[in-house]
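Residue numbers (the numbering used here): 1 to 116.
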């Protein structure tokens, strides 16, 4: 089976779309960054480094310091796909991120988004 196109898409080209989605709903880039750091284990410097290097999604997640142990608590539907049922590990990580940004844009409290 062919690799999905999103895997080789530069993360830096999609990141502004996550921020725009949040800002349209009066949320902030800082909140998007907090979600990204929570999910992947990057700190602000590491996240910025990945954006500057324009790594693709595959590299972004492969180089992530540590996926958060509570990722199994991320449940729900994104684009008609139930995130907990996605079989490809990389696609599941991308869907988790999509789900968290969706929750942010829908006004959910950060403590609930970050499963704390």
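We put the beta carbon where it would ideally sit given N, CA and C, even for glycine.
Looking at the DSSP output, residue 82 shares a beta bridge with 77. The Cβ atoms of residue 115 and residue 73 sit closer than 9 Å to each other. Excluding the 5 residues flanking it on each side, residue 54 has same chain C-beta neighbours closer than 6 Å at 10 and 12, in chain order.
Under the three-state reduction of DSSP output, residue 10 falls in the strand class.
Here residue 77 is exposed. Its C-beta has fewer than 16 other C-beta atoms within 10 Å.
Contact between the region 13–23 and the region 96–111 is present, with at least three C-beta pairs closer than 8 Å.
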